[in-house]
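Numbering of the sequence shown is given in our numbering, commencing with residue 5 and proceeding in unit increments. A short write-up of the structure that comes next.
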Amino acid sequence: MTDTASNPTAPPRSAGDELAELDRRHLLHPWTPVGSGDQLVLVAGQGCEVTDSYGRTYLDGRSGQFNATLGYGHPKVLAALSEQAGKLMTYALLGSSNEPAVRLAARLAELLGEPLTHTLFCNSGSEASEAAIRIARMYHALQGRPERTTVISLADGYHGTTLATAGMSATPLAWAGCGPRPEGFVQIPGPSQGPEHGAQELEKAVLAAGPETVAAFFVEPVLGVGGIRPLPHGYLREVREICDRHGVLLVVDEVTTGLGRTGAWFAHQREGVSPDLVTTGKGLAAGYVPFAAVTTTGAVAGAFAGDPMLGGLRHGHTTSGHALGAAVALAVLRVIEEEGLVDHAAAMGERLIGQLTDRLKGVTGVKEVRGVGLLAGVEFDSFPRAGRVADECRELGVVVRSEGTVMSVAPPLVVTAEQVDRIVDAVCSGAEAAAGMPGE
Ligand code: PMP
């Protein structure tokens with residue numbers, strides 16, 4: 005390898021090249037093919053824009069990994085972060101408490117509404133799902149039903165990458181090669197044939213497993229990793245009824261959809277359904293720090309007082325309810341409210357999905373545009389075509405990503421109408437450029 009030290013005539017190596025090489029040599033990327041090469045290395049962000057290590061600026065059409073819902077460098081969030089860092093950066097919730105965690109738990113109870121009153125904090129969406137599994141099982145055991153352990157989820161669902169949460173996934177991508185696969189997880193088809201049919205699938209699975217053995221049913225209001233597929237209206241209501249009939253806890257995973265993303269505080273609220281547990285993550289601290297939560301009812305939380313070993317919930321982590329994360333999340337929720345971002349996301353989402361639907365109609369290789377609020381997906385007829393569109397967008401200065409045949413678009417909730425139009429223009433130009441490629 006030549007560099008300017010050994011060869012004084014060679015051009016100085018740029019910071020971009022250096023970072024790319026160090027990345028290749030030392031970073032193990034999650035869910036990314038090794039050696040896939042020229043991924044963006046970001047070095048800065050402001051508002052809805054991010055800058056890479058070569059100084060190129062992009063409009064972030066993905067909010068990072070759907071999490072940077074307030075964009076980058078929001079002054080009110082930064083102020084809350086630095087104020088809390090100087091005051092008390094952490095104090096564990098094991099046997100003690102800290103002010104921002106207390107206030108955040110109370111705020112989430114207000115936003116979620118009765119009976120969802122008690123929150124356990126976590127560090128990632130996967131941890132929140134894992135905690136929800138353990139809470140559900142332990143709750144049933146404390147109610148004298150220790151045989152209720154089975155967890156049912158949708159085959160196209162995604163709830164995380166820990167051992168148990170990967171066990172909830174039907175795709176071998178999640179668990180092949182790291183078995184044995186944990187027992188006690190069952191997957192069912194989603195409601196692609198309508199809410200009633202989907203709900204019957206749940207009831208069939210509950211009856212097949214034996215209702216007395218089922219702990220919980222997990223569901224995302226919009227299948228995210230499963231291709232940005234909103235569940236049909238009415239499905240959550242139907243599955244709520246089945247869960248009630250068979251004593252099964254309903255867990256709604258709002259890690260991606262929660263906190264304004266779909267143009268509602270929580271997607272399940274639009275369905276008029278009250279889950280037993282709700283998980284949140286990504287948008288909760290808007291990507292400023294890792295933070296997530298699982299909120300449950302007073303009835304479930306109260307049961308832990310009867311635990312014979314501890315008299316409390318035997319679950320949690322050193323940094324559960326980290327004070328910095330909680331202070332940031334409180335600031336994020338305040339900004340969402342003060343800036344009217346839930347309604348703004350609904351309006352910008354209509355603009356985004358409406359324009360994508362109109363302008364991509366009839367374009368070769370485009371199969372479907374779908375989504376809700378600022379969570380949109382464009383399904384193409386092949387992996388290479390979807391990938392090509394994402395590459396073209398990047399060339400045009402807009403970051404979007406394709407996973408399989410679906411390209412997802414989910415800009416920060418603070419996105420402007422002009423920025424939405426720029427994203428739509430880039431996606432449409434990309435789709436036109438990719439239209440000449442061979443199809444399926
Ligand atoms: N649930 C859903 C619906 C998700 O989309 C994700 C992440 N994509 C998770 C859980 C897991 O969250 P994390 O990546 O923070 O562990």
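Even glycine gets a Cβ: it sits at the ideal position worked out from N, Cα and C. All values derive from a computational prediction rather than experimental measurement.
- Of all C-beta pairs linking the stretch 230 to 241 to the stretch 271 to 283, three or more are shorter than 8 Å, placing the two stretches in contact.
- Taking the C-beta atoms as reference points, residue 45 is found nearer than 9 Å to residue 23.
- Of 191, 203, 348, 214, the smallest CA-CA separation from residue 263 is found for 348.
- For the pair residue 17 and residue 40, the Cα-to-Cα distance works out to about 22 Å.
- At least 9 Å separates the beta-carbon of residue 311 from that of residue 97.
- If you draw a 10 Å sphere on the C-beta of residue 315, you find fewer than 16 other C-beta atoms in it, and that means exposed.
- Cα atoms of residue 409 and residue 367: separation of roughly 15 Å, rounded to the nearest angstrom.
- For residue 423, there is no enclosing beta strand (DSSP E); the enclosing alpha helix (DSSP H) has its first and last residue at 421 to 438.
- The continuous stretches of beta strand (DSSP E) do not include residue 70, which lies in the alpha helix (DSSP H) extending over residues 67 to 70.
- The criterion of a C-beta distance shorter than 9 Å is not satisfied by residue 139 and residue 31.
- The bridge partners DSSP lists for residue 406 are 411.
- Assigned with DSSP and collapsed to three states, residue 119 falls in coil, not helix or strand.
- Distances between the C-beta of residue 160 and the heavy atoms of the ligand PMP are all 8 Å or more.
- The way I'd put it, the stretch 162 to 173 doesn't touch the stretch 200 to 216; fewer than three beta-carbon pairs between them come closer than 8 Å.
- Counting of Cβ neighbours within 10 angstroms places residue 106 among the exposed residues, the total staying below 16.
- For residue 360, same chain residues with a beta-carbon under 7 Å away, outside a window of 5 residues either side, are 373, 380, 382, 428, 431 in chain order.
- Excluding sequence positions up to five before and after residue 331, its CB lies within less than 6 Å of the CB of 84, 88, 104, all in the same chain and listed in chain order.
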